[in-house]
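Student: If you count the sequence shown from 1, position 132 lands on 132 in UniProt numbering, and the numbers rise without skipping.
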Amino acid sequence: MSRKSGIEPNTWTFSRIAGLAGLGFAILIATTNAVLVPAGLPHAGAEGADVVQFFTTHRTTVGLASALAPIAWVLATLFGAGAVAVLWRSDREQGTAWSLVGFAGVIMQNVTFTGVMATRLALASTTVQDSGTIAGLWALHNALFVFNGTFLALAMTGLSISGRRAGLIRRWHGVIGLLAAALQFGSAVLSPLVVDDPGPVGLLGLVGWLIWIVWIVAYGGTLVRRTPVARPEGTGRPGAPLLSDHLDRSGGRS
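(1) CA-CA distance, A65 and A124?
(2) At a cut of 8 Å, does the segment 154-163 reach the segment 129-140 through at least three beta carbon pairs?
(3) Please classify T150 as buried or exposed, where buried requires at least 16 neighbouring CB atoms within 10 angstroms.
(4) DSSP three-state label for T13, please.
(5) According to the neighbour-count rule (16 or more other Cβ atoms, all chains shown, within 10 Å of its Cβ), is W172 buried or exposed?
(6) Within a Cβ cutoff of 7 Å, which residues of the same chain sit near residue 260, ignoring the five residues on either side of it in sequence?
(7) Using the Cβ count rule (16 or more neighbours within 10 Å means buried), how would you classify T57?
(8) Could you spell out the range, first to last residue, of the alpha helix (DSSP H) harbouring G63?
(9) For I216 versus A26, is the C-beta distance shorter than 8 Å?
(10) Expressed to the nearest angstrom, what Euclidean distance is found between the alpha-carbon atoms of W209 and V86?
See below:
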């Protein structure tokens, strides 16, 4: 029985909820892009006529993607908070705060992408005659989109380092997180080139974003599989799980 082992019979632990939120976030953003990109969402540096044509003929599509965005931001916040809850004790014992760096990145990417989605909605609501306004909004959209790479980089750097130091994630997982962070940050630093004419530089952000999807799916799965252990007697409420809960044999230390 679970009572004898000291583990409460609660399958909906916060770490599991956070892991499912991370998986849901990845599915939502991948699905949104799978709809917008084939529909012809203009890339950075696209001609003004292409921008006008897309946002005046795909208002419903843009509106649907914008409606899903708040759900994605809630899920991302739950994921980040759950990761901090698992990692914070390890960070404190080591005198670091890498998990908080990662969570700050998650929150800031939510804020920045709010600006991206807001400009898309504004573009879809602007008439064809307002070509000057459309050009200005599109330039703002591109700048926000590229700078968002800074915060994705922070999220992956903080949670990858903290996760590895705590033994929560495997070595390959930490490596791809840091690689994607470097690509995203490089894209953000080179933003003037990306906004004006993406070319090969634009591939940095794209590859980094694709790895980011793999990274967050793997992290979410790790949190879902996590198994709580009993709190030793005298350390608090009997049977309550420790923040240093371990993974089951299918994940964690390599």
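A virtual CB, placed ideally from N, CA and C, is assigned to each residue, including glycine.
Tutor: By the coordinates alone:
(1) 12 Å
(2) no
(3) Buried is the call here.
(4) coil
(5) exposed
(6) The question about residue 260 has no answer, for the chain in this structure spans 1 to 254.
(7) exposed
(8) 59-94
(9) yes
(10) 25 Å
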